[in-house]
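Asker:
There are 2 protein chains.
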Amino acid sequence: MKALVLTKPGNLQIVEKEKPTPQQAEVLVKLKAAALNKRDQFIREGKYPNIQLDSILGSDGAGEVVEAGSSKEKKWVGKQVIINPNINWGDNDEVQSREYTILGMPTNGTFAEYVLVGADRLVEKPKHLSSEESAAFPLAGLTAYRACFHHGKISEGKNVLISGFGGGVAQFAFQFAKATGANVFVTSGSESKLEQALKMGASAAYNYKSKDWFKNSWQSKGGFDVVIDSAGGDQINDFIKVMKPSGRIVFYGATNGLPSSLDMYRMFWNQITLQGSTMGSDKEFIEMVKFVDKHKIKPIIGLVTPYENIVKALDEMAANRKTGKIVVKF
Amino acid sequence: MKALVLTKPGNLQIVEKEKPTPQQAEVLVKLKAAALNKRDQFIREGKYPNIQLDSILGSDGAGEVVEAGSSKEKKWVGKQVIINPNINWGDNDEVQSREYTILGMPTNGTFAEYVLVGADRLVEKPKHLSSEESAAFPLAGLTAYRACFHHGKISEGKNVLISGFGGGVAQFAFQFAKATGANVFVTSGSESKLEQALKMGASAAYNYKSKDWFKNSWQSKGGFDVVIDSAGGDQINDFIKVMKPSGRIVFYGATNGLPSSLDMYRMFWNQITLQGSTMGSDKEFIEMVKFVDKHKIKPIIGLVTPYENIVKALDEMAANRKTGKIVVKF
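Protein chains in written order, with my numbering: chain R, 25 to 354; chain U, 25 to 354.
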């Protein structure tokens, strides 16, 4: 089978690998689509911990179960599935175990014609989604779901600010928050992404490149109950200024680096929460797919391209020009 | 009646004031004891917002109800009470309202022979406490109670680190956490305070002046579930290092100022919470006194001195030499 591996640091290549055989409790999934994540690019660039060469990349995938490891998994054969990319989250909903990893390096991932996964990683594909659409959800959707609900406690009527609307997680967070009936606001540095957010029902959209964007947001809307962020940096202190008392700032990344201070005075007086978040539990993965099914949510897809173009597609993602997930099709 | 007021910035003086008369829903309390808080000293030093001259200072008090504003409050007359220092917390347990203030500037406080308060501010003094002991609880006890339980979610078996064991809130937090069956650890810069904490049942005590104190704490104890802090500063990043995954750092002050960075990477990967906290709701005040009664908790008292010495007593508190609350007696 064809498989995308890191042959040496920085160098990705589609190579021939042997098709794996499922053991007990495992199934073999023939992939129909796989989606790209920043994680894949971080591994390519050597910015991820414990990189192992020659493992197959890819965390997101949807396809058909074609082989079962034992009679117990037989019921899955022929089913259209989405794959939960968690490996060893563990029993505690609050936090992943120390053995936790994500599908796609070191465990062989979804950027291949076939992938071997535990049968307990499978969720049936919702009917309203194509395989390409399904493949867009796992990693980014799970991260967004946990940030929004487990940590953000977003519910109807809350004022929610999603920063950096361009990113995959940010867009799912936007859609999930909208689906609960929250008033959703966005920031972006791109006017076209701000326009897109407004078309999708954003209550307001702010360009964070304009100085004092946060002053307007504060004055016009009375403050935010929740901010969902992955940029970090000094902007964190702007968020603290525009929170309602007892507001929650949830972040799942810090792509702009660390802040040069933290306004703890305002944080304690207004009882603000600053909450780190990452991925989500197995239980949340199942809940997320149910939520997507219930609200008939479709992902924003920026590009669908044949699997053979995957290295170019990763370049495209790294260039950060597209709104929406990038998906490869087998 | 005698009353302590700020006659001009920096200058406290005991003056003669007219004894107030309660109106409907109010009672007059003849104070038996009042306790000192950093807040009083901050007001004296001009470090508190919206300072008004000539208001009577003092947030903590215990005494006897001697006069009722109407027949409805009559049942309180003759009762020994502790005064809830919250004014206008509001209906939301999550956070104080915008009208929230604390007894003692601008509203006349407890550093006087009599104080006028709403009858709904009264809680009966637990029998195991003297008036001097009761007076030590309100402001610091309420702050500690909220930090420990509402925000810290401390329960039996948790590893809890109380930083800066010298302070009043820190000591109540220590006692409350111990009473729930948590494993309680402390830091202090003073060896005598560390010894006192060990005598009171601390699982371990660390001198934060010794470089790498946090490395020892991490290695020996597997990390903390909760940190209760009021110092802030760069130490926040040491705490982030010694938290268990999904641990909670709760702070109700930042006396060392703001940190020069924040380790957001470790925070999101380990799903750490950084939580600002201040005072507590009216409901929590009642719960706190019940908790103190149930567990027969006695405050650590550093000094009891006659009311006439109150300015000297504030000097003593500001010098930070004493462990325990400083109480004046009428």
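Glycine is no exception: its CB is placed at the ideal position from the N, C-alpha and C atoms.
Can you check the region 154-200 of chain R for any alpha helix (DSSP H) of at least 4 residues that lies completely inside it and give the ranges in chain order?
Answerer: Complete alpha helix (DSSP H) runs here, min 4: 155-159 and 162-169.
Asker: For the alpha helix (DSSP H) containing Lys268(R), list its first residue and its last residue.
Answerer: Per DSSP, Lys268(R) belongs to no alpha helix (DSSP H); it is in the beta strand (DSSP E), Met267 to Phe275.
Asker: Taking Cβ positions only, does Trp293(U) come closer than 7 angstroms to chain R?
Answerer: Cβ-Cβ to chain R under 7 angstroms: yes for Trp293(U).
Asker: Extract the residue ranges of the beta strand (DSSP E) inside the region 51-128 of chain U, only unbroken runs of 3 or more that lie entirely within it.
Answerer: 84-92 and 104-107, all fully within the region 51-128 of chain U.
Asker: Below 6 angstroms CB to CB, which residues in the same chain sit around Phe309(R) once its five sequence neighbours on both sides are set aside?
Answerer: Hits under 6 angstroms: Asn108 and Leu166.
Asker: List the endpoints of the continuous beta strand (DSSP E) containing Glu40(R).
Answerer: That run of the beta strand (DSSP E) goes Asn35 to Glu40.
Asker: Kindly list, in the order they appear in chain U, the residues whose Cβ is closer than 9 angstroms to that of Phe275(R).
Answerer: Result: Met288, Met291 and Phe292.
Asker: Just the chain R side, please: which residues come within less than 7 angstroms of Ile296(U) by C-beta, in chain order?
Answerer: Those are Gly300, listed as they occur along chain R.
Asker: Would you say Ala59(R) and Ala159(R) are within 7 angstroms of each other, going by their C-beta atoms?
Answerer: Yes, these two residues count as a Cβ contact at 7 angstroms.
Asker: When you check each C-beta in the region 118-132 of chain U against every C-beta of chain R, which residues fall closer than 9 angstroms?
Answerer: Those would be Glu118, Val119, Gln120, Ser121 and Arg122, in chain order.
Asker: Applying a beta-carbon distance threshold of less than 7 angstroms, which residues of chain U neighbour Glu179(R)?
Answerer: One detail in the question is off: residue 179(R) reads as Ser in this sequence, not Glu. Simply none; closest approach about 13 angstroms.
Asker: Beta carbon of Phe200(U): closer than 6 angstroms to some heavy atom of the ligand FMN?
Answerer: The ligand content of the structure shown is nil, which means the ligand FMN is not present either.
Asker: Which partner residues does Gly142(U) have in the DSSP bridge list?
Answerer: Answer is Glu50(U).
Asker: Applying the criterion that 16 or more other CB atoms from any shown protein chain within 10 Å of the CB defines a buried residue, is Lys318(U) buried or exposed?
Answerer: Exposed: under 16 other Cβ atoms inside 10 Å.
Asker: Quick check on Gly192(R) - is its C-beta less than 7 angstroms from some C-beta in chain U?
Answerer: So no, Gly192(R) is outside the interface.
Asker: Could you give the distance in angstroms between the alpha-carbon of Ser270(R) and the alpha-carbon of Arg290(R)?
Answerer: About 11 angstroms.
Asker: How would you call Asp236(U), buried or exposed, if buried means at least 16 neighbouring beta carbons within 10 angstroms?
Answerer: Label assigned to Asp236(U): exposed.
Asker: Between Asn231(R) and Asn112(R), what straight-line distance do the alpha-carbon atoms span, to the nearest angstrom?
Answerer: Cα to Cα, the separation comes out at about 39 angstroms.
Asker: List the residues of chain U whose Cβ lies closer than 7 angstroms to the Cβ of Gly87(R), in chain order.
Answerer: Near Gly87(R) there are no residues of chain U at all, since even the closest Cβ is about 30 angstroms away, more than 7 angstroms.
Asker: Please list, in chain order, the chain R residues whose beta carbon lies closer than 8 angstroms to that of Gly364(U).
Answerer: Within the shown structure, residues of chain U are numbered from 25 to 354, placing residue 364(U) beyond reach of any answer.
Asker: What whole-angstrom Cβ distance do Val266(R) and Ser227(R) have, given they're in contact under 8 angstroms?
Answerer: No, Val266(R) and Ser227(R) are not in contact; Cβ-Cβ is about 14 angstroms, not under 8 angstroms.
Asker: Check whether the Cβ atoms of Ile80(R) and Asn132(R) sit closer than 7 angstroms, and answer yes or no.
Answerer: Contact flag set, yes.
Asker: Report the rounded CA-to-CA distance for Trp100(R) versus Gly93(R), giving the unit in angstroms.
Answerer: Looking at the two C-alpha atoms, the distance is approximately 11 angstroms.
Asker: Against chain R, with Cβ distances strictly below 7 angstroms, would Ser158(U) count as a contact?
Answerer: By this cut-off, Ser158(U) is not an interface position.
Asker: Determine the DSSP secondary structure at Leu286(R), reduced to helix, strand or coil.
Answerer: Three-state result, Leu286(R): coil.
Asker: Quick check on Lys346(U): does DSSP put it in helix, strand or coil?
Answerer: Note: Lys346(U) maps to coil in three-state DSSP.
Asker: Residues of chain R with a CB under 8 angstroms from the CB of Ser284(U): which are they?
Answerer: In chain order: Ser284 and Ser285.
Asker: Taking the alpha-carbon of Asn110(U) as reference, which of Val335(U), Ser95(U) and Val141(U) has the nearest alpha-carbon?
Answerer: Considering only alpha carbons, the answer is Val141(U).
Asker: Assign Phe362(R) to one of three DSSP states: helix, strand, or coil.
Answerer: No answer is possible for residue 362(R): the residues shown for chain R start at 25 and end at 354.
Asker: For Asn207(R), name the three-state secondary structure that DSSP assigns.
Answerer: Strand at Asn207(R).
Asker: Relative to the C-alpha of Ala201(R), which candidate in Gly348(R), Pro130(R) and His175(R) has its C-alpha closest?
Answerer: The shortest C-alpha separation from Ala201(R) is found at His175(R).
Asker: Strictly under 7 angstroms for the Cβ-Cβ distance: is Pro269(U) near chain R by that measure?
Answerer: Yes, Pro269(U) lies at the interface with chain R (some Cβ there is under 7 angstroms from its Cβ).
Asker: Figure out for me which residue from Ile334(U), Glu40(U) and Ile325(U) has the closest Cα to the Cα of Gln195(U).
Answerer: When each option's Cα is compared against that of Gln195(U), the closest is Ile325(U).
Asker: Counting only beta-carbon separations shorter than 7 angstroms, does Ala226(R) have a partner in chain U?
Answerer: So no, Ala226(R) is outside the interface.
Asker: At the level of alpha carbons, what is the spacing between Ser234(R) and Phe189(R)?
Answerer: Each residue's Cα considered, the two are about 16 angstroms apart.
Asker: Hey, is Ala164(U)'s beta-carbon within less than 7 angstroms of any beta-carbon in chain R?
Answerer: No, Ala164(U) lies away from the interface with chain R (no Cβ there is under 7 angstroms from its Cβ).
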